[in-house]
Amino acid sequence: MIHFPLLKAKPEAMSSSSTAWKITLTSSDGVQFTVSEAVVRQSEKIMSLINSTIVLDTITGDVLKMVVDYCNKQMEFKEREKSDCCFDINAEMKPWEADFVKELDLSSIFDLILAADYLRLKGLYRLGCQAVVDRMRGRTLEEMRQMFMIKSDFTPEEEAMKHEEIQWARGEIPSWMEINEPIKDL
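UniProt numbering puts the first residue of the sequence shown at 1, with every later residue one more than the last.
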């Protein structure tokens, strides 16, 4: 097993011989060795593994493009933050993230959440989950059922009873509490 890139490695450093990078090699019996770029370059096998294509068979091309776009933008924000002392990463990132998910349909957001979970991208996972929550906000139970394609397993009578039970939570007065006649002075 090979873990790469590691320690102080940067993706662009992988192709540059001027910047040293290191990886960890793990033997079949679990012994680990951290080796330098010079050692790795001596092995055609290790170099072919490092330079090989990684197949993400659970993520479609459209979703992977969104993931890569998100990661590239995050790197861009972090580089600007390092180089510009006045750059407010949160002030710039929040509007960009909102625009990033605004035009996506719910199915694409779910695909993005699954990809972020698989790739362990916490920021993208959080963003996707928040986008789902934002789409649910202010919707009725029936609207959420339609949004998530959930069929109700309640009978119409049970549905009416549940509706009355939760009216108070929405600031409505249930029908059994309504006063139909004015209160008479005693």
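Where a beta carbon is used, it is the ideal one built from N, C-alpha and C, also for glycine.
Using beta-carbon positions only, say whether residue i and residue j come within less than 7 Å of one another.
i	j	result
Thr34	Lys45	no
Leu127	Glu97	yes
Val67	Ala115	yes
Phe77	Ile89	yes
Ser43	Ala20	no
Val63	Asp117	no
What are the boundary residues of the alpha helix (DSSP H) that includes residue i?
i	result
Ile166	156-166
Ser108	106-119
residue 216	Absent from the model: residue 216. The displayed extent of the chain is 1 to 186, so no value can be given.
Cys71	61-83
Cys86	Note, Cys86: premise wrong, no alpha helix (DSSP H); not H, not E.
When burial is assigned at 16 or more other CB atoms within 10 Å of the CB, is residue i buried or exposed?
i	result
Lys10	Interpretation of Lys10 is limited by its pLDDT of 37, a score under 50 that renders its predicted location unreliable; no figure is taken from the coordinates.
Leu124	buried
Lys8	Note that Lys8 has pLDDT 33, beneath the 50 cutoff, so the model's placement of it is unreliable and the number below is only indicative. Under this definition Lys8 is an exposed residue.
I'd like the span of the beta strand (DSSP E) that includes residue i, first residue to last.
i	result
residue 194	No statement about residue 194 is possible, as the shown extent of the chain runs from 1 to 186 and does not include it.
Gln32	32-36
If I measure Cβ to Cβ from residue i and keep anything under 7 Å in the same chain, skipping five residues before and after, which residues do I get?
i	result
Leu141	none
Task: contact_flag[the region 122-132, the region 155-165] where n(CB pairs < 8 Å) is 3 or more - done: Here the region 122-132 does not lie against the region 155-165, with fewer than 3 beta-carbon pairs under 8 Å apart.
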